[in-house]
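J.: Dumping the structure here so I can ask a few things about it.
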Ligand SMILES: [Zn+2]
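In the numbering used here, the protein residues as written are 832 to 1129.
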């Protein structure tokens, strides 16, 4: 299974609740525990501005590239602006395009990064600058590789940017399962939003996700699923209020791949959030997702 990754995915945040060194740590753990070999990792190139402009406004891209975000625009990102950040998100968007292509060839592929679902066409917020997988979907649609796509967003936070980007577009079905009483506010409607109460644990989460996936896949058949595999529904997450265990999160991953496999739909994985009190826990959850993904690759 191909793993898309670059050392330049690090968002250069210094000490921050978003541990952007996690991408490198996931890669190192996968190698150390023999879940991947060095040759499995494919280096992406920067997404083109034309690709990114399939989703984002040119004016916003220009501001990012020239360091001209307003004070409020920069503040809303909730991460420090830097040229390295800009390079990282362009690269990671290229990575999600590549992961989408590999998934179509091999059934499953992983971008060891991305999942920036809070980014809107005209602004970034909540640690998300560019909506990498929305760009990937638009790119693959434009070159007629796929007609229809689905996003299955299991990050603890609702996928507001994705919902806004694809709202009213009948070629993309957006499913988000998240903690209702948490950022973002407001939550523009996804095709299917599963709003969970605070403190929901493994059993109820898996039941709700099963029902949601069954419903979504009964009414919509995509050529590709982007699975937004956030690690933050974990019970010891600092920015989440759900109570999933390692085992529950692994069952969640397996459920998504099984439902997709049953309909012969390729899955591209992006990592999204993860803010566990212990960084090792976040790395473990992401690594588990990659291990489960690999079981479903050809
Ligand atoms: Zn999140």
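Here a beta-carbon is modelled for each residue, glycine too, at the ideal position from N, C-alpha and C.
Which residue wins for smallest C-alpha separation from residue 887, given the options 853, 968, 870?
T.: Considering only alpha carbons, the answer is 968.
J.: Does ligand 1 have a heavy atom nearer than 7 Å to the CB of residue 1101?
T.: Outside the cutoff, so no.
J.: Find the nearest neighbour of residue 1045 within the set 1063, 1076, 1067, 1088, judged by alpha-carbon distance.
T.: That would be 1088, whose Cα lies nearest to the Cα of residue 1045.
J.: Would you call the CB atoms of residue 924 and residue 966 closer than 8 Å?
T.: Taking 8 Å as the Cβ cut-off, residue 924 and residue 966 qualify as a contacting pair.
J.: If residue 970 sits next to residue 988, beta carbons under 8 Å apart, how far is it from one beta carbon to the other, in whole angstroms?
T.: Between residue 988 and residue 970 the Cβ distance is about 25 Å, and since that is not below 8 Å, they are no contact.
J.: Around the Cβ of residue 878, are there at least 16 other Cβ atoms within 10 angstroms (buried) or fewer (exposed)?
T.: Residue 878 comes out buried.
J.: Can you tell me the Cα-Cα spacing of residue 1030 and residue 937, whole angstroms?
T.: When rounded, the distance between both Cα atoms is 37 Å.
J.: Considering only the beta carbon of each residue, do residue 985 and residue 939 sit closer than 8 Å?
T.: No, Cβ-Cβ distance for residue 985 and residue 939 is not below 8 Å.
J.: With residue 964 and residue 927 assumed to form a contact (beta carbons below 8 Å), what rounded beta-carbon distance in angstroms separates them?
T.: Indeed they touch by this definition, with Cβ atoms about 5 Å apart.
J.: For residue 982 and residue 874, what's the separation of their Cα atoms in angstroms?
T.: Going by the C-alpha atoms only, they are around 24 Å apart.
J.: Just the C-alpha distance for residue 1187 and residue 1051, rounded to the nearest angstrom, thanks.
T.: The displayed coordinates of the chain run from 832 to 1129. Any statement about residue 1187 would go beyond what the structure contains.
J.: Taking residue 935 as the reference, which of 832, 885, 900 has the closest Cα?
T.: Of the candidates 832, 885, 900, the one whose C-alpha sits nearest the C-alpha of residue 935 is 832.
J.: Three or more C-beta pairs under 8 Å: does that hold for the region 839 to 853 against the region 1119 to 1128?
T.: The region 839 to 853, when compared against the region 1119 to 1128, does not touch it at the 8 Å Cβ threshold.
J.: Nearest to residue 908 by CA position, among 947, 929, 955, 1056, is which residue?
T.: Ranking 947, 929, 955, 1056 by Cα distance to residue 908 puts 955 first.
J.: What residue from 858, 1075, 992 has the CA that sits closest to residue 1038's CA?
T.: Closest by alpha carbon: 1075.
J.: To the nearest angstrom, how far is the alpha carbon of residue 890 from that of residue 911?
T.: Looking at the two C-alpha atoms, the distance is approximately 20 Å.
J.: Quick test of your reading: residue 1070 and residue 1036, contact by CB under 8 Å. State the CB separation rounded to the nearest angstrom.
T.: Not quite, the Cβ-Cβ distance comes to about 17 Å (not below 8 Å), so this is no contact.
J.: Below 8 Å, can you find three or more Cβ-Cβ pairs linking the region 1018 to 1030 to the region 940 to 949?
T.: Contact between the region 1018 to 1030 and the region 940 to 949 is absent, because fewer than three Cβ pairs lie under 8 Å.
J.: Within a Cβ cutoff of 8 Å, which residues of the same chain sit near residue 1020, ignoring the five residues on either side of it in sequence?
T.: Same-chain partners within the cutoff: 994, 998.
J.: Residue 987: beta carbon under 7 Å from a heavy atom of ligand 1?
T.: Flag set: Cβ of residue 987 near ligand 1.
J.: Nearest to residue 944 by alpha carbon, out of 1110, 1100, 1109?
T.: Residue 1100 is the option with its Cα nearest to residue 944.
J.: How many angstroms separate the CA atom of residue 903 from the CA atom of residue 933?
T.: Cα to Cα, the separation comes out at about 38 Å.
J.: How many Å lie between residue 896 and residue 844 at the Cα?
T.: Spanning the two alpha carbons is a distance of roughly 18 Å.
J.: Starting from residue 896, follow the alpha helix (DSSP H) in both directions and report where the run begins and ends.
T.: 889 to 897 is the extent of the alpha helix (DSSP H) around residue 896.
J.: Using DSSP with H/G/I as helix, E/B as strand and the rest coil, what is residue 1113?
T.: If DSSP states are grouped into helix, strand and coil, residue 1113 belongs with the helices.
J.: Along the chain, where does the beta strand (DSSP E) that runs through residue 1009 open and close?
T.: From DSSP, the beta strand (DSSP E) with residue 1009 extends over 1003 to 1010.
J.: When burial is assigned at 16 or more other CB atoms within 10 Å of the CB, is residue 848 buried or exposed?
T.: Exposed is the call here.
J.: Note down, in chain order, each residue of its chain lying with its Cβ closer than 6 Å to the Cβ of residue 795, except the 5 sequence neighbours on either side.
T.: Nothing about residue 795 can be reported from this structure: the residues present for the chain run from 832 to 1129 only.
J.: On the three-state DSSP scale, how would you describe residue 956?
T.: Three-state DSSP puts residue 956 in a strand.
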